[in-house]
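Input: a single structure, listed below in structure tokens.
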Amino acid sequence: MPYEVLARKWRPQVFQDVIGQEHITQTLINAIKTGRLTHAYLFGGPRGVGKTSVARILAKAINCEEGEPGIPCNKCQSCTEITEGSSVDVQEIDGASNRRIEEIRELRENIKYMPSSSKYRIYIIDEVHMLTKEAFNALLKTLEEPPAHAKFIFATTESHKVPVTILSRCQRFDFKRIPPIQIVEHLENIAKKESIEIGRPSLALIARQADGSMRDAESLLDQVISFTGTKVEGDHVVEILGVIDRQVIFDATRAIIEGAARDCLEIFDRIYNYGYDIKEFYRALMDQFRNLLVSLIAPQDYLLDMSESDKEEIKRQADIVGSEKLQIILNFLIKREEELKFSSHPRLVMETTMIKLCNLGDYLSFDQLLKKIDSIEQRLTFAPVVNETQDGGHLSEPPARWDRESSEKTEMEEGGSAKREQTWEGFLKFLSSKNKAMGNVLKDWKVKRLDKDVLEIVRSMQSFSSTYFNDREEYDRLINYCRSFFGRDIQVKIVANNRTPAPQMESPEHQDLPPPVQDIMDMFRGEVKEASNAKKAGGNNLNRPVKKEEVEQ
Ligand SMILES: Nc1ncnc2c1ncn2[C@@H]1O[C@H](COP(=O)(O)OP(=O)(O)OP(=O)(O)O)[C@@H](O)[C@H]1O
Ligand SMILES: [Mg+2]
Ligand SMILES: [Zn+2]
Numbered sequence: 113m114p115y116e117v118l119a120r121k122w123r124p125q126v127f128q129d130v131i132g133q134e135h136i137t138q139t140l141i142n143a144i145k146t147g148r149l150t151h152a153y154l155f156g157g158p159r160g161v162g163k164t165s166v167a168r169i170l171a172k173a174i175n176c177e178e179g180e181p182g183i184p185c186n187k188c189q190s191c192t193e194i195t196e197g198s199s200v201d202v203q204e205i206d207g208a209s210n211r212r213i214e215e216i217r218e219l220r221e222n223i224k225y226m227p228s229s230s231k232y233r234i235y236i237i238d239e240v241h242m243l244t245k246e247a248f249n250a251l252l253k254t255l256e257e258p259p260a261h262a263k264f265i266f267a268t269t270e271s272h273k274v275p276v277t278i279l280s281r282c283q284r285f286d287f288k289r290i291p292p293i294q295i296v297e298h299l300e301n302i303a304k305k306e307s308i309e310i311g312r313p314s315l316a317l318i319a320r321q322a323d324g325s326m327r328d329a330e331s332l333l334d335q336v337i338s339f340t341g342t343k344v345e346g347d348h349v350v351e352i353l354g355v356i357d358r359q360v361i362f363d364a365t366r367a368i369i370e371g372a373a374r375d376c377l378e379i380f381d382r383i384y385n386y387g388y389d390i391k392e393f394y395r396a397l398m399d400q401f402r403n404l405l406v407s408l409i410a411p412q413d414y415l416l417d418m419s420e421s422d423k424e425e426i427k428r429q430a431d432i433v434g435s436e437k438l439q440i441i442l443n444f445l446i447k448r449e450e451e452l453k454f455s456s457h458p459r460l461v462m463e464t465t466m467i468k469l470c471n472l473g474d475y476l477s478f479d480q481l482l483k484k485i486d487s488i489e490q491r492l493t494f495a496p497v498v499n500e501t502q503d504g505g506h507l508s509e510p511p512a513r514w515d516r517e518s519s520e521k522t523e524m525e526e527g528g529s530a531k532r533e534q535t536w537e538g539f540l541k542f543l544s545s546k547n548k549a550m551g552n553v554l555k556d557w558k559v560k561r562l563d564k565d566v567l568e569i570v571r572s573m574q575s576f577s578s579t580y581f582n583d584r585e586e587y588d589r590l591i592n593y594c595r596s597f598f599g600r601d602i603q604v605k606i607v608a609n610n611r612t613p614a615p616q617m618e619s620p621e622h623q624d625l626p627p628p629v630q631d632i633m634d635m636f637r638g639e640v641k642e643a644s645n646a647k648k649a650g651g652n653n654l655n656r657p658v659k660k661e662e663v664e665q
């Protein structure tokens, strides 16, 4: 006798055989008993959890003349024909291969005829979400006025793809993933009846791997016994399945999140010694971090397709790490995947990747990064002098020298310890709040001198703004703004920019980049293509190497 795969051999034949879907089977049994069946059902849920099985049991139960209500006899002609798939009155249609309108039209033609030997004509349409739009529309017409002798059972793994117009005309049942413990018990039962010797830990591993799908669990068991025969040793399961235990992935992400580099290396060592494919592990790790991120964005969605207990653990880990860092981790993994793919030392790449991920905690968050970038930009614009004092060279408060050539220090009236806002920078802010146009013009100008009585500013090279104060009115306004801001009369001198234009920027590789920028580049393995912001804001200052102290507060 040819070998019949476990999944087929063990297809539930009565509602009571269906595991983990009692909320559905009980309702259906009651509906049959009380004669309250509707004309269309929609079974949604993950693969291999009993949708097709329940659809067939329901069809049998509806048409069976022999059994008790709700319990098909599985012996009468109707029942056996449905089991064999040869019934004329119960038709199973695969929505994936009969998705066109022609097929649904044919269905609508046939549905008019009375059933040949049973009470009802029943159509089971599997993977119904695959129907075309036109086919759905044709189906909708039938659902709106179904003949009294017809019933529909739709099954799908993707309920969200079924149009609401269809959904609203069906009684909908959502099938659940089957909890691992129930899978283990069921497999144990099968093993006993099939005289297979296999330990519970092995079954638990299979169950974890099956991720809530009974069919997957049964197929995995099939796979194992086809290698080992009916006596299965513990370690063989891991080897044969060649899969990474899902628990290991959970452990790995946890270790990374906690920054436990040593744990990471140990976990990876285990994986490596089992002979797992490193790239497979890498992919599994990426998937898992993707799941963590999704759990923060759409926790209850179909996008996170897994058991409730896994979801909880995922969410717990995700809450610890937060979405910003998750995005950084994912970006990092995506960038490095190529490297791993082509490396002749994948183990080394994997290990360093994990260690780097563990140390990501030292990097700044995106928010912090943006703030840093902002402040660097500001400093490049108004690059101040470094005051080499004993406290490690803290920034002196501006006023400052505004470019490399000018050695002239400006002095504020309170003798260097000026209030911060009494600076050119502060003035620009003030100006922008009063007169945006003027503020914008002066943003590109430089200050040569700012002291008690005199403000000397150098015209921008930009032609559109260089003549702005040729207009006497604008000039007077500027004087007034100066008076209100500095609280005294200041003579404003506008001088021409008679220096040669700034030499071209050095090539990016040779630039001495401020540490936070360098960090960003390291993290994303980037390069400086253009420094447009700094250039716009800072003009000549770009050429001036930025000292470390200047970019660190
Ligand atoms: N709830 C369950 N209880 C017992 N066995 C089950 C259950 N679900 C699935 N199985 C096993 O898996 C096999 C396939 O199940 P079934 O075809 O009903 O799944 P399905 O939900 O229709 O999957 P798919 O979405 O892939 O079509 C069954 O023959 C049976 O062996
Ligand atoms: Mg199915
Ligand atoms: Zn029967």
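Just so we're aligned, residue 113 is where the sequence shown starts under the numbering used here, counting upward by one. Cβ coordinates follow ideal geometry from the N, Cα and C atoms, glycine included. As the structure is a prediction and not an experimental result, all values here were calculated from the model.
Any non-hydrogen atom of ligand 2 closer than 7 Å to Thr-137 Cβ: Taking the first residue of the sequence shown as position 1, residue 137 is located at position 25. No, since every heavy atom of ligand 2 falls outside the 7 Å radius drawn around the Cβ of Thr-137.
Which two residues bound the contiguous alpha helix (DSSP H) that contains Arg-561? Taking the first residue of the sequence shown as position 1, residue 561 is located at position 449. Not the alpha helix (DSSP H): Arg-561 falls in the beta strand (DSSP E), residues 558-562.
Collapsed DSSP secondary structure at Thr-150 in the structure displayed: Looking up residue 150 in the sequence shown gives position 38. Thr-150: coil per DSSP, three-state reduction.
Delimiting residues of the beta strand (DSSP E) encompassing Asp-238: As a first step, residue 238 must be located in the sequence shown, where it is residue number 126. Counting along the chain, the beta strand (DSSP E) containing Asp-238 begins and ends at 233-238.
Is the closest heavy atom of ligand 1 to the C-beta of Gly-156 under 7 Å? Indexing the sequence shown from 1 puts residue 156 at position 44. Checking every heavy atom of ligand 1 against the Cβ of Gly-156, none is found closer than 7 Å.
Taking only runs that begin and end inside the region 414-478, name each unbroken beta strand (DSSP E) of 3 or more residues, in chain order. none
Status (buried if at least 16 other CB within 10 Å, exposed otherwise) for Glu-526: As a first step, residue 526 must be located in the sequence shown, where it is residue number 414. In this prediction, Glu-526 scores a pLDDT of 37, lower than 50, which makes its location untrustworthy; the coordinate-derived value is nonetheless stated afterwards. By the neighbour-count rule (16 or more Cβ atoms within 10 Å), Glu-526 is not buried but exposed.
Quick one: using the 10 Å Cβ neighbour count with 16 as the cut-off for buried, is Ile-308 buried or exposed? Working through the sequence shown from its first residue, we reach residue 308 at position 196. Its Cβ being crowded by 16 or more others within 10 Å, Ile-308 is buried.
Where does Leu-405 fall in DSSP's three states? Start at 1 with the first residue of the sequence shown, and residue 405 comes out as number 293. Leu-405 falls in the helix class under three-state DSSP.
What residue range is occupied by the uninterrupted beta strand (DSSP E) comprising Ala-267? By one-based count along the sequence shown, residue 267 stands at place 155. Counting along the chain, the beta strand (DSSP E) containing Ala-267 begins and ends at 262-268.
Would you mind working out which of Leu-317, Leu-333 and Val-276 sits nearest Ala-303, comparing C-alpha positions? If you number the sequence shown from 1, residue 303 lands on position 191. Comparing Cα-Cα distances from Ala-303 to each of Leu-317, Leu-333 and Val-276, the minimum goes to Leu-333.
Does the beta carbon of Ala-267 fall short of 7 Å from some heavy atom of ligand 2? Counting from one through the sequence shown, the residue named residue 267 turns up at place 155. It does: the Cβ of Ala-267 is within 7 Å (strictly closer) of some heavy atom of ligand 2.
Gly-156 and Phe-287 - do their beta-carbons sit closer together than 8 Å? Taking the first residue of the sequence shown as 1, we reach residue 287 at position 175. Taking the first residue of the sequence shown as 1, we reach residue 156 at position 44. The answer is yes: Cβ separation under 8 Å.
Three-state secondary structure assigned by DSSP to Glu-586: Looking up residue 586 in the sequence shown gives position 474. If DSSP states are grouped into helix, strand and coil, Glu-586 belongs with the helices.
For the candidate residues Ile-446, Thr-535, Arg-233 and Ser-209, whose alpha-carbon lies nearest to that of Arg-220? As a working note, residue 220 is residue 108 in the sequence shown. Looking at the Cα atoms, Arg-233 is the closest of the given residues.
To the nearest angstrom, how far is the alpha carbon of Asn-249 from that of Lys-224? The residue you call residue 249 lines up with position 137 of the sequence shown. The residue you call residue 224 lines up with position 112 of the sequence shown. Computed Cα separation, rounded: 18 Å.
From what residue to what residue does the alpha helix (DSSP H) around Arg-327 run? What you label residue 327 is simply residue 215 of the sequence shown in a count that begins at 1. Per DSSP, Arg-327 belongs to the alpha helix (DSSP H) from 326-340.
Thr-164 CB to nearest heavy atom of ligand 1 below 7 Å: By 1-based counting over the sequence shown, the position of residue 164 is 52. Thr-164 Cβ: within cutoff of ligand 1.
Exposed or buried, His-272, counting other C-beta atoms within 10 Å across all chains shown (16 or more means buried)? On the sequence shown, position 160 is the one that residue 272 refers to. The residue in question, His-272, is exposed, as its Cβ has fewer than 16 Cβ neighbours within 10 Å.
Considering only C-alpha positions, which residue in the set Thr-464, Pro-259 and Asn-175 is nearest to Leu-377? Here residue 377 corresponds to residue number 265 of the sequence shown, with the count starting at 1. Leu-377 has its Cα closest to that of Thr-464, out of Thr-464, Pro-259 and Asn-175.
Around the C-beta of Asn-175, are 16 or more other C-beta atoms found within 10 angstroms, so that it is buried, or is it exposed? For the purposes of this step, residue 175 is taken as the residue at position 63 of the sequence shown. So Asn-175 ends up on the buried side.
Is the separation between the beta-carbon of Gly-346 and that of Pro-292 shorter than 8 Å? On the sequence shown, residue 346 is found 234 positions in, with the first residue counted as 1. On the sequence shown, residue 292 is found 180 positions in, with the first residue counted as 1. No, these two residues do not count as a Cβ contact at 8 Å.
With a threshold of 7 Å, establish whether the CB of Asp-238 neighbours any heavy atom of ligand 2. The residue given as residue 238 occupies position 126 in the sequence shown. Answer for Asp-238: yes, Cβ within range of ligand 2.
Just the C-alpha distance for Val-117 and Ser-435, rounded to the nearest angstrom, thanks. Here residue 117 refers to the residue found at position 5 when the sequence shown is read from its first residue. Here residue 435 refers to the residue found at position 323 when the sequence shown is read from its first residue. About 44 Å.
Does the beta-carbon distance from Ser-165 to Asp-201 come in below 8 Å? For the purposes of this step, residue 165 is identified with residue 53 of the sequence shown, where counting begins at 1. For the purposes of this step, residue 201 is identified with residue 89 of the sequence shown, where counting begins at 1. Contact: no.
Taking the C-alpha atoms as reference points, what is the distance between Ser-419 and Ile-295? The count along the sequence shown starts at 1 and reaches residue 419 at position 307. The count along the sequence shown starts at 1 and reaches residue 295 at position 183. Ser-419 and Ile-295: Cα-Cα distance of roughly 12 Å.
So, for Glu-257: in the same chain, excluding its five sequence neighbours on each side, which residues have a beta-carbon less than 6 Å away from its beta-carbon? As a first step, residue 257 must be located in the sequence shown, where it is residue number 145. Cβ within range, chain order: n/a, list empty.
Which one or two residues does DSSP pair with Arg-211 in a beta bridge? Walking along the sequence shown from the start, residue 211 turns up at place 99. Beta-bridge pairing links Arg-211 to no other residue.
Taking 7 Å as the cut-off, is the C-beta of Pro-184 nearer than that to any heavy atom in ligand 3? One-based indexing of the sequence shown puts residue 184 at position 72. Correct: Pro-184 has its Cβ closer than 7 Å to ligand 3.
How many angstroms separate the CA atom of Ile-356 from the CA atom of Ile-446? Against the sequence shown, residue 356 aligns to sequence position 244. Against the sequence shown, residue 446 aligns to sequence position 334. Approximately 20 Å, taken between the alpha carbons.
Would you mind sorting Asp-328 into buried or exposed? The rule is 16 or more other CB atoms within 10 Å of its CB. Taking the sequence shown and counting its residues from 1, one reaches residue 328 at position 216. The residue is buried, with at least 16 neighbouring Cβ atoms inside 10 Å.
Report the rounded CA-to-CA distance for Asn-653 versus Trp-557, giving the unit in angstroms. In the sequence shown, residue 653 corresponds to position 541, counting from 1. In the sequence shown, residue 557 corresponds to position 445, counting from 1. For Asn-653, the predicted model reports a pLDDT of 41, less than 50, meaning its position is unreliable; a value from the coordinates is still stated below. Asn-653 and Trp-557: Cα-Cα distance of roughly 12 Å.
Do you know how far the Cα of Leu-481 is from the Cα of Gln-359? To locate residue 359, count along the sequence shown from 1; it is residue 247. To locate residue 481, count along the sequence shown from 1; it is residue 369. If you take the alpha carbons of Gln-359 and Leu-481, they lie about 34 Å apart.
Can you pull the DSSP bridge partners for Ile-569? Counted from its first residue, the sequence shown places residue 569 at position 457. DSSP, once it has assigned bridges, lists Val-559 and Ile-606 as partnering Ile-569.
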